[in-house]
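S.K.: Below is a structure I'd like to ask you about.
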Amino acid sequence: MPLDSTPHAARSQSMAGHLLQTPPTVSPNDNNYHVLELFTQDEGLSNIPVVDQQRAIGIINRNTFMSTLARPFHREIFGRKPCTAFMNASPLIVDYLTPITELSFMALEADKKVLSDGFIINLDNAYAGMGLGVSLMQALADQQAEKHRQMMESINYASVIQQSFLQSSRRDMASALDDYFMVWAPRDIVGGDYYYFVKRPDGFFVAVIDCTGHGVPGAFMTLIMASTLKQVLTSHDLHNPAALLQAINQQVKQSLGQLTPEEAGLADHPELNSDDGMDGAFCWFDYASRTLTYASAKTPLFVLEPGADEVHTLDANKKGVGYVGTPLDYQWDNHAVQLPPGSRLYISTDGIIDQIGGPKRICFGKKRLKENILKHADKPMQQQQKQLIDAFLKWQGDNSRRDDVSLFGVHLL
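Written out as structure tokens, the structure is:
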């Protein structure tokens, strides 16, 4: 059936075919040098379908492919080998007439690679093209904007999706830490803050992230960041937070096309339509040495050592991650701090610090946050959480919430 012969009743509803794109394809017999040439020719090309006689058998993701081939000697080793070595061999495949809502459920049930790799669209059981995960999320938002009830249903469902990305972190946090709290409070139903925690036998890794925006746009960015972080962790060491930030910076800038003309290797460059990214703190705590190794992109960390009468603010780099103004080769600094037993560590996004309130309608600020930490330092962390949030809400008063709020605290016993 030709694309333009779809019945009117079907065309009137949003369906997978409306997301159809027709990027260049490769066959299973093409080698990786050919794939590299296609990606090099078009920097906006994010995925390439692998098609064998009108049947799609996989998708090659740009970030995965380029980062793998960039490793020492990988181009020489794999360049002439079939491109199937780097493809996702089990992509989501949907029919052209699949409704967008049904497609979103299928994407949720499928592997999380759908967000980064996209999905295959078939027409009459033959390959027609593909759709992108970002396009699917945008289509859902556009569709729900037509009716308030439908929009709220979509946002509530997006909240389920967003929170599903936090479940493994919550489990590991509860398993690894005895005395801690993690406040995650989006300003709207969904938000732009995100956290990640993973335990290891020799220590734990924690990241607290503040993406551009809040609400639905912020939630889109958290999905992008969560997917990118998961991908980066397959090839980078948790013990090196600065390297993780650098790798994410490179992938986000390339994925969103936020490269300067010099970084893109062009004399001239189209005007950039986006300047999105994240601030965040990445930390590794080693049990044996009790050393906190951290790298921070504009996100404050606070430490209170046992018996101290002052909360110390740890150094942070002044560059965010992924933004146009952050160089592609920018390197964050690793800092190492030895924390004696009984020390308390806090990481906060700017939702608390920048909140307007009080009698003079000024920011809550780092100083006031540290004063409240010190005031309740002798309490268990769960009680501290209540006291800190109560102080924050009292300060906010009748003023509207400005941003998402995330605050992590742990008592390092």
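In terms of the UniProt record's numbering, the sequence shown opens at residue 1 and continues consecutively. For each residue, glycine too, the CB sits at the ideal point set by N, CA and C. These figures come from a predicted structure and were not determined experimentally.
1) Would you decide whether S67 is buried or exposed? Buried here means 16 or more other CB atoms lie within 10 Å of its CB.
2) Which of helix, strand or coil does DSSP assign to H18?
3) At what residues does the alpha helix (DSSP H) containing P186 begin and finish?
4) Check F65 in the structure and name its three-state DSSP category.
5) May I have a chain-ordered list of the alpha helix (DSSP H) segments no shorter than 4 residues that lie completely inside the stretch 326–390?
6) Cutting at 8 Å between CB atoms, please list the residues of its own chain near M1, excluding the five before and the five after it.
7) Can the beta-carbon of residue 431 be found closer than 7 Å to that of F181?
8) Does the beta carbon of E310 fall short of 6 Å from some heavy atom of the ligand ZN?
9) Cβ atoms of H335 and residue 426: under 7 Å apart, would you say?
10) Would the beta-carbon of N63 fall within 7 Å of that of Q355?
11) Take the Cβ of Q162 as the centre, count every other Cβ of all protein chains shown within 10 Å, and call the residue buried at 16 or more, exposed below.
12) Suppose contacts are defined by Cβ-Cβ distances below 7 Å. Is K253 in contact with G322 by that definition?
13) M130 lies in the beta strand (DSSP E); which residues open and close that run?
14) Taking its Cβ as the centre, do 16 or more other Cβ atoms sit within 10 Å of K113, making it buried, or is it exposed?
15) In the structure shown, what three-state DSSP assignment does P28 receive?
16) Taking its Cβ as the centre, do 16 or more other Cβ atoms sit within 10 Å of D210, making it buried, or is it exposed?
17) For T6 and D30, what's the separation of their Cα atoms in angstroms?
18) Let me know if T326 comes out buried or exposed under the rule of 16 or more other beta-carbons within 10 Å of its beta-carbon.
19) Quick one: give me the first and last residue of the beta strand (DSSP E) that K199 is part of.
20) When burial is assigned at 16 or more other CB atoms within 10 Å of the CB, is Q53 buried or exposed?
21) Short of 8 Å in beta carbon distance, which residues of its chain neighbour A139, apart from the five on each side in sequence? Order them along the chain.
22) What is the DSSP secondary structure of Y287, reduced to helix, strand or coil?
23) Straight-line CA distance for I57 to I189?
24) Beta carbon of G192, beta carbon of G218: below 7 Å?
25) State the Cα-Cα distance for the pair N372 and A391, rounded to the nearest angstrom.
26) Just verifying my parser: in three-state terms, what is the DSSP assignment at D279?
27) Would you report the Cα separation of M137 and F220, rounded to the nearest angstrom?
28) On a CA-only basis, which of A141, D404 and F65 is nearest residue 419? Give me that one, please.
29) Per DSSP, what kind of secondary structure is I317 in: helix, strand or coil?
30) Should the stretch 393–405 be called in touch with the stretch 351–371, which here means at least 3 C-beta pairs below 8 Å?
31) DSSP state of G215, grouped into three classes?
32) Please classify Q338 as buried or exposed, where buried requires at least 16 neighbouring CB atoms within 10 angstroms.
33) Quick check on the burial criterion: 16 or more other C-beta atoms within 10 angstroms. Buried or exposed for L245?
M.R.: Reading from the atomic positions:
1) What you label residue 67 is simply residue 67 of the sequence shown in a count that begins at 1. Counting the other CB atoms within 10 Å of its CB gives S67 a total of 16 or more, which places it among the buried residues.
2) Position 18 of the sequence shown, counted from the start, is the residue given in the question as residue 18. Annotated three-state conformation of H18 is helix, per DSSP.
3) Here residue 186 refers to the residue found at position 186 of the sequence shown. For P186, there is no enclosing alpha helix (DSSP H), since its DSSP letter is neither H nor E.
4) Mapped onto the sequence shown, residue 65 falls at position 65. If DSSP states are grouped into helix, strand and coil, F65 belongs with the helices.
5) If you keep only unbroken alpha helix (DSSP H) runs of at least 4 residues inside the stretch 326–390, you get 350–353 and 365–375.
6) Your numbering for residue 1 matches position 1 in the sequence shown. Confidence at M1 is low in this model, with a pLDDT of 33, below 50, so the placement of that residue should be treated as unreliable; the coordinate-derived value is given next. Here the set comprises L123 and D124.
7) Nothing about residue 431 can be read from this structure; the chain reaches only from 1 to 413.
8) Questions concerning the ligand ZN fall outside what the structure shown contains, since it holds no ligand whatsoever.
9) Outside the displayed span of the chain (1 to 413) sits residue 426, for which this structure offers no information.
10) As a first step, residue 63 must be located in the sequence shown, where it is residue number 63. As a first step, residue 355 must be located in the sequence shown, where it is residue number 355. No, the pair does not count as a contact, with Cβ atoms beyond the cut-off.
11) Locating residue 162 in the sequence shown gives position 162, counting from the first residue. Classification of Q162: buried, given that the 10 Å Cβ count is 16 or more.
12) The count along the sequence shown starts at 1 and reaches residue 253 at position 253. The count along the sequence shown starts at 1 and reaches residue 322 at position 322. In contact: K253 and G322 (Cβ atoms closer than 7 Å).
13) On the sequence shown, position 130 is the one that residue 130 refers to. Per DSSP, M130 belongs to the beta strand (DSSP E) from A126 to G131.
14) As a working mapping, residue 113 is identified with position 113 in the sequence shown. So K113 ends up on the buried side.
15) As a first step, residue 28 must be located in the sequence shown, where it is residue number 28. Residue state, collapsed to three classes: coil.
16) Looking up residue 210 in the sequence shown gives position 210. With 16 or more other Cβ atoms within 10 Å, it is buried.
17) Here residue 6 is taken as the residue at index 6 of the sequence shown, counted from 1. Here residue 30 is taken as the residue at index 30 of the sequence shown, counted from 1. In this predicted model, T6 has a pLDDT of only 40, less than 50, meaning its place in the structure is not dependable enough to derive any value.
18) As a first step, residue 326 must be located in the sequence shown, where it is residue number 326. Burial call: buried.
19) Locating residue 199 in the sequence shown gives position 199, counting from the first residue. Element bounds for K199: D193 to R200.
20) Walking along the sequence shown from the start, residue 53 turns up at place 53. When all chains shown are included, Q53 counts as exposed.
21) Against the sequence shown, residue 139 aligns to sequence position 139. Here A139 has S14, H18, L19 and I100 as same chain residues with Cβ atoms under 8 Å from its own Cβ, once five neighbours each way along the sequence are excluded.
22) The residue labelled residue 287 in the question sits at position 287 within the sequence shown. Note: Y287 maps to coil in three-state DSSP.
23) Locating residue 57 in the sequence shown gives position 57, where the first residue counts as 1. Locating residue 189 in the sequence shown gives position 189, where the first residue counts as 1. Approximately 38 Å between the Cα atoms of the pair.
24) Along the sequence shown, one-based indexing puts residue 192 at 192. Along the sequence shown, one-based indexing puts residue 218 at 218. In this structure, G218 lies closer than 7 Å to G192 by Cβ.
25) Position 372 of the sequence shown holds residue 372. Position 391 of the sequence shown holds residue 391. If you draw a straight line from the Cα of N372 to the Cα of A391, it is about 8 Å long.
26) Locating residue 279 in the sequence shown gives position 279, where the first residue counts as 1. In this structure, D279 counts as strand in the three-state DSSP scheme.
27) Here residue 137 refers to the residue found at position 137 when the sequence shown is read from its first residue. Here residue 220 refers to the residue found at position 220 when the sequence shown is read from its first residue. Going by the C-alpha atoms only, they are around 7 Å apart.
28) With the chain running from 1 to 413 in the structure shown, residue 419 is simply not present.
29) Numbered from 1 along the sequence shown, position 317 holds the residue referred to as residue 317. As written in the sequence, residue 317 is Asn, which differs from the Ile given in the question. Reduced to three states, the DSSP call for N317 is strand.
30) As far as the Cβ criterion goes, the stretch 393–405 touches the stretch 351–371, which means the pair count is three or higher.
31) As a working mapping, residue 215 is identified with position 215 in the sequence shown. Three-state result, G215: helix.
32) For the purposes of this step, residue 338 is identified with residue 338 of the sequence shown, where counting begins at 1. By the neighbour-count rule (16 or more Cβ atoms within 10 Å), Q338 is not buried but exposed.
33) The residue labelled residue 245 in the question sits at position 245 within the sequence shown. Buried: at least 16 other Cβ atoms inside 10 Å.
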